[in-house]
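When you number the sequence shown by numbering that gives the first Met the number 0, it's gap-free, plus one each residue, and the end is 353. In this text, a Cβ means the ideal position worked out from N, Cα and C, and glycines have one as well. Predicted model, so just to flag it, every value in this text is computed and none were measured. What follows is one structure encoded as structure tokens, with my remarks underneath.
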Amino acid sequence: MASRWVRRRWIASRTLLIASATMVACACAGGPTGSDAASARLVLAAYTTPREAYSEIVPMFQERWLAETGQSVAFEESYVGSGAQSRAIVEGFEADVAALSLQADVDRIEAAGLIGHPWRDNGTNGMVSRSVVAFAVRPGNPKAIAEWSDLAAPSTEVLMPNPKTSGGAQWNVLAIYGAAMRGQVDGVPGDDADAALGFLASVLGNVTVMDKAARESITSFEKGIGDVAITYENEVLVGRQSGQNYELVIPSSTILIENPVAVIDEYADAHDVREVADAFAAFLTTPEAQRAFARHGLRSVDDNVAAEFAADYRPVDDLFTIEEFGGWTQATADFFGEDGLYAQAIATATAGGQ
0 MASRWVRRRW IASRTLLIAS ATMVACACAG GPTGSDAASA RLVLAAYTTP
50 REAYSEIVPM FQERWLAETG QSVAFEESYV GSGAQSRAIV EGFEADVAAL
100 SLQADVDRIE AAGLIGHPWR DNGTNGMVSR SVVAFAVRPG NPKAIAEWSD
150 LAAPSTEVLM PNPKTSGGAQ WNVLAIYGAA MRGQVDGVPG DDADAALGFL
200 ASVLGNVTVM DKAARESITS FEKGIGDVAI TYENEVLVGR QSGQNYELVI
250 PSSTILIENP VAVIDEYADA HDVREVADAF AAFLTTPEAQ RAFARHGLRS
300 VDDNVAAEFA ADYRPVDDLF TIEEFGGWTQ ATADFFGEDG LYAQAIATAT
350 AGGQ
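Structural data, given as structure tokens:
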């Protein structure tokens, strides 16, 4: 039954995605663009989860830029799933700066010819924040969920977003499969690709709702749906800061999430905002901005800031990176292509629920 929900919600999410991407493009591509000595307008296209951090960072940058240059900057901000945001930019949403969940979504924009500069050559490899794949569980953790193996237990209702539209969901898939391959899932032999794929399918078979983005997924969980949500650590921390009554569980083996930012050359140059766009992207790695990310649940890419907030972030026993899968180019081909490992696993999960 659970896998039938996956299929129905995937179709619904895809329909909503198309509508949302169209609405974003129409809302943001029109109107006055460019800059003059007195003012500029910058279009920021971001994935959903760092919205609260940017609500603090943007005013900080505006104040600094005005003091340093005498120019005011108005921001137009768009927040949708990372994959949806990336595709919208490629299809004509004229964002000046993209803040996305994963490198592959920036790579798509670069491959379309919209980014021409070496965007990763900035001292942090193009990344401005980090997180880990974690679980949100109900108060008191009534199902005693602690590790990946608990998500495959019968009658456990799991939430996660759709990997077709959400960068967070792609991180989730890699975290599940990677932990299994590393021999960190009870009952699943390590270094066994078939066993890891089977375990991924068993978790997906328990997924009852697949929303289009990580923020929508945690919102569904907040409405009382499901026993556990696979999500960004920062989604749980931000939710708890806002008064939500759920708990954070970090499995002993999980993946390090790294979030990139890039200036979209084609659009920033056309809008005559390249200087301020470059300055904003650079500002995101400053200690001030890094502290803002850290206050809103994101792990800092600045070692000194990370040390300041070390008490707020739990260490992970077995933390692996995207290099476990050969980098994003290889991972995208292996997992998220038409016949990739995710497609195989969801097909197995769906067949198992019929």
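Of the other Cβ atoms in all chains shown, 16 or more fall within 10 Å of the Cβ of G125; this residue is therefore buried. Following the DSSP letters along the chain, one finds T230 inside the beta strand (DSSP E) bounded by residues 227-231.
Across the structure, N205 and E265 are spaced so that their CA atoms are roughly 43 Å apart. Nearest C-alpha to P314 among S219, S100, V79, L255: L255. Per DSSP, reduced to three states, the secondary structure at F134 is strand. The beta-carbon distance between I229 and M180, rounded to whole angstroms, is 17 Å. This is too long to meet the 8 Å contact definition. Taking each of A213, D149, F60 in turn and checking the Cα distance to F74, the smallest one comes out for F60. In this structure, DSSP gives Y245 a state outside helix and strand, which the three-state scheme calls coil.
As far as DSSP is concerned, M159 takes part in no beta bridge.
Residue pairing of F319 in beta bridges, as defined by DSSP: I254. For S77, no alpha helix (DSSP H) run applies; the uninterrupted beta strand (DSSP E) run containing it begins and ends at 71-78, by DSSP. Nearest C-alpha to I321 among A309, A310, F334, Y312: F334. Comparing alpha-carbon positions, the option among D35, L173, A168, T328 lying closest to T48 turns out to be A168.
By the criterion of at least three beta-carbon pairs nearer than 8 Å, the region 220-228 is in contact with the region 149-156.
In this chain, V184 is not harboured by any beta strand (DSSP E), its DSSP state being neither H nor E. In this structure, DSSP gives A37 a state outside helix and strand, which the three-state scheme calls coil.
Counting C-beta pairs with one atom in each stretch, the region 293-305 and the region 113-130 have three or more that are closer than 8 Å, which means they touch.
Cβ contact annotation for T284 (same chain, cutoff 8 Å, sequence separation greater than five): N121, G122, T123, V127, V300, D301, in chain order. Under the DSSP definition of a beta bridge, V96 partners with L43, V262. Beta-bridge partners of V272 (DSSP): none assigned.
M126 is bridged by DSSP to P259.
The Cβ-Cβ distance between V262 and V96 falls below 8 Å. The Cβ atoms of Y46 and S130 do not sit closer than 8 Å to each other.
R63 has no beta-bridge partner at all, per DSSP. With a cut-off of 8 Å on Cβ pairs, the region 240-250 is in contact with the region 132-144, counting three or more such pairs.
Nearest neighbour of E234 by Cα position, chosen from Q343, Q329, A212, turns out to be A212.
For R119, the secondary structure class from DSSP, reduced to helix, strand or coil, is coil. In the displayed model, R313 falls within coil according to three-state DSSP, outside both helix and strand.
Using a 10 angstroms sphere on the CB of E90, the tally of other CB atoms stays under 16, which defines it as exposed.
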